[in-house]
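Okay, structure first, notes after.
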Amino acid sequence: MTKKKSVFRMLVITVLLGIGMNFHHPVTPTLYTAMGLPSRIFGTSMAVMCFFSFLTSVFWGEFSNHIGRVKVFTISCVCYGLAQLSLGFSSSELMVLISRGAAGAFAGGAGVATMAYVIDVSEPPKRAANLAVYTAMQSVSLAAGYLLGGVLGTIHFQLAFNVQAVWMIALGIGTAFFAEDSIVDPQTVRPRELLKAVNPFNSFASARSLMSTVMVLFLIVVFLTGFASNCHENAFNYFLKAELDFKPVYNGLIKAVIGLVGLIANFSINLWIIRRTDAKKSLIVVLALCALSAAGALIPGNLTLFIAMNLAFFTANAVYQPITQALSVEGRKNSEVGVITGLFNAIKSMGNVLGSLAAGIVYDLNMLFPFMLSAGAFVLSAAAAFAYWRSAKR
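Under this note's numbering, the sequence shown has 360 at position 280, and the numbering climbs by one with no breaks.
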């Protein structure tokens with residue numbers, strides 16, 4: 081098959097990426113409990129992963145300007161697959177944390193490369209709609225990955241990690257032969273410039289020229305939503321295993337339903353918001369709904385009510401993400417896309433780091449505390465979104 085530069089091809093790759101990167105989620109709690117690790121590991125391991133994603137995301141955006149989005153994607157997928165293989169064979173808490181850190185660094189690269197590619201190839205008027213479809217593809221692939229991982233986990237949790245490693249390595253190598261790079265003339269990489277780019281703090285410095293009051297307020301929204309989403313999701317995943325003793329296949333089925341609902345929401349609610357409303361203003365309402373549904377998970381009741389309230393939460397959660405992605409590149413030049421997508425992913429990852437850590441810490445105090453924390457963070461994010469909207473109007 082001839083290589084081609086195409087949004088459609090990258091969306092297909094995004095689906096395959098989402099499936100591959102989610103095989104392990106239904107079985108990771110089983111791995112941790114089989115190893116006899118303390119309950120904090122579900123928060124600390126995710127925090128380590130997100131921290132390294134935070135450190136490297138802006139670098140990947142800048143580096144992809146030099147060598148191309150596809151090469152960054154290939155490197156990231158192959159190395160992520162090896163990191164997940166290492167996680168599956170971990171025999172200690174330290175090995176788990178090292179493996180998750182490596183996975184986070186390269187997961188950031190794959191995510192930045194695919195999002196930047198879609199933006200590069202899209203015509204400016206179609207960027208927001210294409211990003212909504214991109215997020216929808218992430219939702220459906222997340223669901224499929226969870227479901228397949230859960231099925232593999234019923235055979236043996238180790239099998240999910242092994243298949244994941246092979247899948248990711250094959251995807252990375254295959255993409256190099258399937259997709260033409262969106263960067264027509266990559267910048268020449270000089271050793272000194274490469275060393276400077278590798279330093280994550282220099283990478284953040286390169287984004288300084290893009291800062292403004294409006295941008296800072298927007299990044300606060302991104303940080304708070306990243307914190308709230310990850311805090312809630314980590315607690316929910318661990319709750320299913322630790323408190324309800326769900327088997328991996330049930331975790332996968334629940335996530336599959338959540339992903340399907342997210343897909344429907346992205347193709348209906350999101351496209352309507354982006355095309356027919358002021359996205360900045362609509363973001364305030366969506367984040368307020370996230371706060372309400374997160375708080376709803378705290379209502380005492382039976383298991384059915386708990387699952388239903390969390391389904392409502394994850395639906396609202398799926399709606400806000402493409403809105404923030406579209407707003408991040410609104411009015412940006414193509415030359416700024418790499419750094420902006422990297423910065424967006426980095427700030428989101430930092431929110432994920434602290435959200436994961438907070439969930440792990442407060443879960444030991446009370447299993448419902450992470451859900452309370454998530455609801456509070458979403459209230460703050462809605463307030464920040466209001467300030468962002470007011471500032472952008474001036």
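In this text, a Cβ means the ideal position worked out from N, Cα and C, and glycines have one as well.
In this text, all values refer to a predicted model and were calculated from it rather than measured experimentally.
Count Cβ pairs between the segment 357 to 369 and the segment 225 to 236 that sit closer than 8 Å; are there 3 or more? no
Could you tell me how far apart the beta carbons of L367 and A209 are, in whole angstroms, since I believe they sit closer than 8 Å? Not really, about 21 Å apart at Cβ, beyond 8 Å.
Grab the span of the alpha helix (DSSP H) containing K83 for me, first residue to last. Boundaries cannot be given for K83, as no alpha helix (DSSP H) includes it and DSSP labels it neither H nor E.
Starting from N480, trace the alpha helix (DSSP H) in both directions and tell me its first and last residue. With the chain covering only 81 through 474, there is no way to say anything about residue 480.
What residue range does the alpha helix (DSSP H) around N210 cover? Here the alpha helix (DSSP H) through N210 covers R207 to I235.
Evaluate P402 with the Cβ neighbour count: other Cβ atoms within 10 Å of its Cβ, from every protein chain shown; 16 or more gives buried, anything less gives exposed. It is buried - the Cβ of P402 has at least 16 other Cβ atoms within 10 Å.
Is K473 buried or exposed, if buried means 16 or more other CB atoms sit within 10 Å of its CB? exposed
Between the segment 421 to 438 and the segment 288 to 303, can you find at least three pairs of beta-carbon atoms closer than 8 Å? yes
Ordered along the chain, which non-local residues of its own chain (more than five positions away) have a Cβ less than 6 Å from that of A185? F132 and T136
Contact set for G233: own chain, Cβ-Cβ below 6 Å, skip 5 residues either direction: P106, V107, A240 and P328
May I have the straight-line CA-CA distance separating E323 from P118, to the nearest angstrom? Cα-Cα distance, rounded: 14 Å.
Under the DSSP definition of a beta bridge, which residues are partnered with A259? Answer is K84.
Between I253 and N425, what straight-line distance do the alpha-carbon atoms span, to the nearest angstrom? 24 Å
Output the distance between the C-alpha atoms of V442 and A259, rounded to the nearest integer angstrom. About 44 Å.
Unbroken alpha helix (DSSP H) run spanning H146, endpoints: I121 to I147
Under a Cβ-count criterion, where at least 16 other Cβ atoms within 10 Å of its own Cβ denotes burial, should F103 be classed as buried or exposed? buried
Can the beta-carbon of I263 be found closer than 7 Å to that of G189? Not in contact: I263 and G189 (Cβ atoms no closer than 7 Å).
Report the three-state DSSP secondary structure of V198 (helix, strand or coil). helix
Consider the C-beta atom of I364 and the heavy atoms of the ligand NAD; say whether any pair is separated by less than 6 Å. For the structure depicted, the ligand NAD is absent and the ligand set is empty, with no information on it obtainable.
Given a threshold of 16 other Cβ atoms within 10 Å of its Cβ, counted over all protein chains shown, does D444 qualify as buried or as exposed? exposed
Top-ranked residue by Cα proximity to S471, from L111, G191, Y214 and V294: V294
Between A457 and F298, which are expected to be in contact by the criterion C-beta below 8 Å, what is the C-beta distance as a whole number of angstroms? With a Cβ gap of about 16 Å, A457 and F298 do not count as contacting.
Can you say whether E203 is buried or exposed, counting buried as having 16 or more other CB atoms within 10 angstroms of its CB? exposed
Limits of the alpha helix (DSSP H) - the one that K361 falls within: A359 to G376
One question on the structure: do C311 and L453 come within less than 7 Å of each other, judged by their Cβ atoms? It is a contact, given that the beta carbons lie within the stated cut-off.
Return the chain-ordered list of same chain residues with a C-beta closer than 7 Å to the C-beta of N346, the five sequence neighbours on each side being excluded. A212, T215, A216, S219, A398 and P402
Specify the secondary structure class of L117 as computed by DSSP and reduced to three states. coil
Quick check on the DSSP output: the alpha helix (DSSP H) that includes I349 runs from which residue to which? Here I349 belongs to no alpha helix (DSSP H), and DSSP marks it neither H nor E.
For K428, does the three-state DSSP call read helix, strand or coil? helix
Have a look at F139 and L423 and give me their C-alpha separation to the nearest angstrom. 9 Å
Residue interval of the alpha helix (DSSP H) (run including P450): Here the alpha helix (DSSP H) through P450 covers F449 to K473.
Distance check for I249 and L96, CA to CA, integer angstroms please. 12 Å
Under 7 Å, do M101 and Y197 count as touching if we go by C-beta distance? Cβ atoms of M101 and Y197: not closer than 7 Å.
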